[in-house]
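In the UniProt record's numbering, the protein residues as written are 1 to 1072. From the three backbone atoms N, C-alpha and C, an ideal C-beta is built for every residue, glycine too. As the structure is a prediction and not an experimental result, all values here were calculated from the model.
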């Protein structure tokens, strides 16, 4: 067995003393609370019990967690890393046993019992049950059932704390009479958060990486989080030097071999450099920096530096540099300031800058709320590359700028305090999902697809306003899951006694099916039609009607055939009739009395058996009408060497009054051979149609017959009734033309919409007309069923004007399927002016955690939250939505979405320089002076820093493995939001190795590798020199001057240096 790890004695005592006290006093404390002597006393005891349970639950979690940590560290430092630290701690806290540990051998089984016996949640519940029974109470359900249903998460909170988040589902405690004295969860609302510090605990990574030859206790540096407070002090200024960078001790009196700092220049002999607040009146005899500023504010070095500290001086140009650069990217913007993001800012990621205007130099730029006279460039002295950014909000109280970090964290912000012509909001296309100027007409549960969303967790931000503040509004966005294995769809199987290809096929949906699919009053529905089950090959379709009574969809395909209808797609459509039918129009033609409109069909080649279907209505009731369609064909023939052309017409008309004209069929023709017009006996149904809505008619024409010398066709004329209900089963009225034939010869040359002259001014209105290849509808058999995967989960995020409650509370409401109100906020703002919102969707294995915020990132922002259970999904759909029938339309200025979480940086986290005006030459270089003693003190004292990208305490328990890092970072951000109200702290831990302090048996580790503990001690994975490792000024190099060094073998890579010193600091403090 390897050398056992150890804990400092004080740490052991800190763990054991509370344990002993709790065990010794638990019985008395429980008895005091639960025991009752009389009814009045029992009421008091019951109240005390209720308040006690939550606090004792927290104490139990705290004690159990500390013991679980102690056991885990003991195991890792003695045996091997854990496979999953979070799972191990969770099991130990709950049950006191983790097979990976206890199953190692009998010794570890005993040690597991020693550490955890009577110190788990299950033990606590059993003790509670026993004590309650002793006092005549009953607890339900059993401890075993409770722990099975308990919610428990053990996770990193930040670099130096872990957090236990727990809640116990409903517990019932009854007295001996059956009276319920407690019926609630623990805690009664939400969950408890117990925070455990890890300082004072042995770092399990050291014994693991060195086979037990060294150890280190976790203790935070005073500057624990370099991304928030860097472990140095930096002054900016101007100066002159023949050496670019050097280091030395800082002193406030001129002393040879040191760096002098003061308010004013005082000459000294053999001084390495001068740092002064005021510009020297004479040229110093060594490198110098003057006009020192800290965060853009002019300060004296005397107020921030300390005598004897290690300092570094660095200059952007040396030996007669050209002074302030003349390179200026925006000539119309008179000011600029440099801006540097924290070293933790991830590359190629969206970050949000949340800035107070008065705290940043460019906060005084001209602005109008969503744009400002600024331009952000990537920082460069030679080129001008504009950075990808977008302004979400710019007010007098706050600035919100989204920035894509790409490959840099350093920027220059040009701005103007007077030129409004340069106002610009930036490029919204930096968001992978973006939409501008989306308008939604008011209606019931109307939606418009914005985009699909591929991420598990994401955010949506948008700005929307209503037409008025006085009416119901209910607008926002909708998120719908895309189930794994595909969404449900309709499978329509259509059978026919013969095989046909490329024909028009009707698919009828009953009322229940039609109602279940999102549709509107314009006969549009959210559907797509495909010929394959994978929904890859679209089929042309057109919707004849769609309402709550049913729907009729025409598709173009083969018979027999199967069609797959994808529904609730988010986009309303009626389809494209011109792609479905032989000929189609839906131009809503109005034909006045005695008028007609003709369509030339000669180029369409329409012949054979056809059906002409149309929707038509009159404008006036109880007046003669006589309107319908006329078909036109011609027949050319030769008699005795001469050519003749007969012209054939057939009229199909209907009437409101004259029964002889109802569903009337009449033909007439010009016989060119005889030179005269002829007609045949008309037929009708002797039954008027009624008034006055649209009705659907269909004419069937079957050519190919002859009557003597005339080509003829068998025709009929049917009225299928009200257009929005019409189908084929039983026509309301039907004219089979009494078995007559009508003159007709392929192809069909023209179609006329006619309204025969009755001198009654009753206009005919045609909604649509199409021609299809004839299929005997009576021979069709259809079967429509729901098939495919799971039903999607649909979530609506809406806001409303105050005073409207049609969804059970519509202010900042989270709804599911429009029916279930998951949460809302009782706010009083109206939405007639543009309002900003954010929706955050966070997915774990089976749940979506939802946050809906009004005015995000501003003072007084409000939020609603919810959690819903979902199945497996492959993505989401994002819609803009509205639900009101009062004409209160919605106008979205913009909608954006991207991966969540994102980093948010305030003015305290970014670094900005003071503003400079259009440059002028001056002979000086920009320069910086550092006091790096805080960093040196921490590495000498073996202190730890909290940084992103280093192994967290949990990963150190796992031997530095990074498998679970993404999970730990996500859950830590979520926990920080709950505990701190913001997610700004990293979870990684790093301390640094001074090679000179290594014990002799670890001298083999000395090599050119960064001194970060998880790399330097890991000889197995990093055995050789790293060419990217560089010496650090003031520690391992002095720049060639005569000054002391701490350890010449101390190296950092630029990536690690940026975590510690930020981008500028890393550039300045690394050699080469």
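Margin query: As a quick exercise: from 559, 510, 569, 416, pick the residue whose alpha carbon is nearest that of residue 487.
Written below: As a first step, residue 487 must be located in the chain shown, where it is residue number 487. With distances taken between Cα atoms, residue 487 lies closest to 569.
- Query: By Cβ distance below 6 Å, which residues in the same chain neighbour residue 426 in space, the five residues on each side in sequence not counted?
  - Reply: Position 426 of the chain shown, counted from the first residue, corresponds to residue 426. Around residue 426: 389, 390, 391.
Under 8 Å, do residue 235 and residue 1043 count as touching if we go by C-beta distance?
Taking the first residue of the chain shown as position 1, residue 235 is located at position 235. Taking the first residue of the chain shown as position 1, residue 1043 is located at position 1043. Going by C-beta atoms, residue 235 is not nearer than 8 Å to residue 1043.
**OP:** Using the Cα positions of residue 1008 and residue 453, report the straight-line distance between them to the nearest angstrom.
**Re:** On the chain shown, position 1008 is the one that residue 1008 refers to. On the chain shown, position 453 is the one that residue 453 refers to. Taking the straight line joining both Cα atoms gives about 45 Å.
**Item:** Buried or exposed by the 16-neighbour rule on C-beta atoms within 10 Å, applied to residue 996
**Value:** The sequence position of residue 996 within the chain shown is 996, counting from 1. Classification for residue 996: exposed.
* To do: Could you say if the region 929-947 and the region 157-167 meet the contact criterion of at least three C-beta pairs nearer than 8 Å?
  => yes
**Item:** Beta-carbon separation (whole angstroms), residue 580 vs residue 748, contact threshold 8 Å
**Value:** By one-based count along the chain shown, residue 580 stands at place 580. By one-based count along the chain shown, residue 748 stands at place 748. Rounded, the Cβ-Cβ distance is 18 Å, inconsistent with contact.
Burial state of residue 887 (16 or more Cβ within 10 Å)
Within the chain shown, numbered from 1, the residue matching residue 887 stands at position 887. It counts as exposed.
Cβ neighbour criterion (16 or more within 10 Å) applied to residue 678 | Mapped onto the chain shown, residue 678 falls at position 678. Residue 678 is exposed by the Cβ-count criterion.
* Determine the direct distance from the alpha carbon of residue 813 to that of residue 475, and round the result to whole angstroms. => Position 475 of the chain shown, counting from 1, holds the residue named residue 475. Position 813 of the chain shown, counting from 1, holds the residue named residue 813. The alpha-carbon atoms of residue 475 and residue 813 are separated by roughly 10 Å.
* Asked: In chain order, what residues of the same chain have a beta carbon less than 6 Å from the beta carbon of residue 911, not counting five sequence neighbours either side?
  -> In the chain shown, counting from the first residue as 1, residue 911 sits at position 911. Within the same chain, residue 911 has close Cβ partners 340.
Where does residue 179 land, buried or exposed, given buried means 16+ other C-beta within 10 angstroms?
By 1-based counting over the chain shown, the position of residue 179 is 179. Under this definition residue 179 is an exposed residue.
- Query: Is it buried or exposed for residue 20, if we count other Cβ within 10 angstroms and need 16 for buried?
  - Reply: As a first step, residue 20 is located in the chain shown; it is residue number 20 there, counting from the start. Confidence at residue 20 is low in this model, with a pLDDT of 36, below 50, so the placement of that residue should be treated as unreliable; the coordinate-derived value is given next. Residue 20 is exposed by the Cβ-count criterion.
If you check the beta carbons only, do residue 937 and residue 306 fall under 8 Å apart?
Position 937 of the chain shown holds residue 937. Position 306 of the chain shown holds residue 306. For residue 937 and residue 306, no; Cβs fall outside 8 Å.
Worksheet item: In chain order, what residues of the same chain have a beta carbon less than 7 Å from the beta carbon of residue 1041, not counting five sequence neighbours either side?
Response: Residue mapping note: residue 1041 aligns to position 1041 of the chain shown, counting from 1. Excluding positions up to five away in sequence, the list reads 246, 248, 272.
Have a look at residue 480 and residue 595 and give me their C-alpha separation to the nearest angstrom. Within the chain shown, numbered from 1, the residue matching residue 480 stands at position 480. Within the chain shown, numbered from 1, the residue matching residue 595 stands at position 595. Answer to the nearest angstrom: the Cα atoms are 51 Å apart.
Problem set entry | residue 108 - DSSP class collapsed to helix/strand/coil | Along the chain shown, one-based indexing puts residue 108 at 108. Residue 108: helix per DSSP, three-state reduction.
message = Can you find the residues in the same chain that come closer than 8 Å, C-beta to C-beta, to residue 287, ignoring five residues on each side of it along the sequence?
response = Here residue 287 corresponds to residue number 287 of the chain shown, with the count starting at 1. 239, 240, 241, 242, 243, 246, 272, 273, 274, 313, 315, listed in sequence order.
With DSSP as the reference, label residue 86 as helix, strand or coil. Sequence index remark: in the chain shown, residue 86 carries index 86 (1-based). Three-state DSSP puts residue 86 in a helix.
Item checked: Distance between beta carbons of residue 465 and residue 94, contact taken as under 8 Å -> For this step, residue 94 is matched to residue 94 along the chain shown. For this step, residue 465 is matched to residue 465 along the chain shown. About 50 Å; that fails the 8 Å criterion.
- In three-state DSSP terms, what is residue 64? Taking the first residue of the chain shown as 1, we reach residue 64 at position 64. Correct three-state label for residue 64: helix.
CA nearest to the CA of residue 511, picked from 543, 218, 538, 548:
Position 511 of the chain shown, counting from 1, holds the residue named residue 511. That would be 548, whose Cα lies nearest to the Cα of residue 511.
In the structure shown, what three-state DSSP assignment does residue 654 receive? Working through the chain shown from its first residue, we reach residue 654 at position 654. Residue 654: strand per DSSP, three-state reduction.
Expected contact under 8 Å - CB spacing of residue 125 and residue 455 to nearest Å: Counted from its first residue, the chain shown places residue 125 at position 125. Counted from its first residue, the chain shown places residue 455 at position 455. Not a contact, Cβ separation roughly 39 Å.
Margin query: Which same chain residues end up closer than 7 Å to residue 229 when comparing Cβ atoms and leaving out the 5 residues on each side of it in sequence?
Written below: Here residue 229 is taken as the residue at index 229 of the chain shown, counted from 1. The answer, listed in chain order, is 223.
Element boundaries [beta strand (DSSP E), containing residue 313]: The residue labelled residue 313 in the question sits at position 313 within the chain shown. Where residue 313 is concerned, the enclosing beta strand (DSSP E) stretches over 310-315.
Distance, Cα to Cα, residue 979 vs residue 438?
Stepping through the chain shown from its first residue, residue 979 is reached at position 979. Stepping through the chain shown from its first residue, residue 438 is reached at position 438. Distance between the alpha carbons of residue 979 and residue 438 is about 37 Å.
Let's test the definition: count the other Cβ atoms within 10 Å of the Cβ of residue 976 and tell me whether it reaches 16, buried, or not, exposed. Here residue 976 is taken as the residue at index 976 of the chain shown, counted from 1. It is buried - the Cβ of residue 976 has at least 16 other Cβ atoms within 10 Å.
Let's test the definition: count the other Cβ atoms within 10 Å of the Cβ of residue 282 and tell me whether it reaches 16, buried, or not, exposed. The residue labelled residue 282 in the question sits at position 282 within the chain shown. The residue in question, residue 282, is exposed, as its Cβ has fewer than 16 Cβ neighbours within 10 Å.
**Message:** Measuring alpha carbon to alpha carbon, tell me which residue in 840, 682, 112, 61 is nearest residue 75.
**Reply:** Counting from 1 along the chain shown, the entry for residue 75 is found at position 75. Nearest C-alpha to residue 75: 112.
Range covered by the beta strand (DSSP E) that runs through residue 616: If you number the chain shown from 1, residue 616 lands on position 616. Residue 616 -> beta strand (DSSP E) spans 610-618.
Indicate the three-state DSSP secondary structure (helix, strand or coil) for residue 287 in the structure shown.
-> By 1-based counting over the chain shown, the position of residue 287 is 287. If DSSP states are grouped into helix, strand and coil, residue 287 belongs with coil.
Residue 843 versus 824, 990, 788, 875, residue with shortest Cα-Cα distance | For the purposes of this step, residue 843 is taken as residue 843 along the chain shown, with counting starting at 1. Nearest C-alpha to residue 843: 875.
Q. With distances taken between CB atoms, is the gap from residue 782 to residue 507 smaller than 8 Å?
A. Locating residue 782 in the chain shown gives position 782, counting from the first residue. Locating residue 507 in the chain shown gives position 507, counting from the first residue. Their beta carbons are under 8 Å apart, which means residue 782 touches residue 507 by this criterion.
Count the other CB atoms within 10 Å of the CB of residue 1075; is the residue buried (16 or more) or exposed (fewer)? Beyond the ends of the chain as shown, which are 1 and 1072, falls residue 1075; an answer cannot be given.
Quiz prompt | residue 700 versus residue 541 - alpha carbon distance | solution = On the chain shown, residue 700 is found 700 positions in, with the first residue counted as 1. On the chain shown, residue 541 is found 541 positions in, with the first residue counted as 1. Distance between the alpha carbons of residue 700 and residue 541: 21 Å.
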